[in-house]
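Report on the following structure.
In this note's numbering, the protein residues as written are 494 to 563.
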C-alpha cells in the first residue's frame, strides 16, 4: 500500500470505497495504520486529521471504509 500511496489517495479523493477483509489481529491493524499514513502524506492532513478522516469523518460517515475482520 505504501508503494502505491499516491494512487490509493487519488482513488479515495475521487470517491472510491475501501474494503478490508481478513485477520483482525495483524493485517487489518496494519492496513488501518497505513491508510491513515497515506491520507496524511498525500491528502495534506496532519496525522490527527487523517485519523479523524479515516475513523469517523468522510470515510466512515459515507461508509466508504468498510471492514470485515475476524
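Yeah, the Cβ is synthetic: ideal placement off N, Cα and C, and Gly gets one too.
Test item: CB-CB of residue i and residue j under 8 Å
i: residue 484; j: residue 558; result: Because the chain in this structure spans residues 494 to 563, residue 484 falls outside the shown range and cannot be described.
i: residue 562; j: residue 513; result: yes
i: residue 527; j: residue 495; result: yes
Separation of residue j from residue i, as counted between CA atoms
i: residue 530; j: residue 540; result: 7 Å
i: residue 520; j: residue 509; result: 21 Å
i: residue 533; j: residue 543; result: 5 Å
i: residue 505; j: residue 511; result: 8 Å
As assigned by DSSP and simplified to three states, the class of residue i
i: residue 563; result: coil
i: residue 508; result: coil
i: residue 515; result: strand
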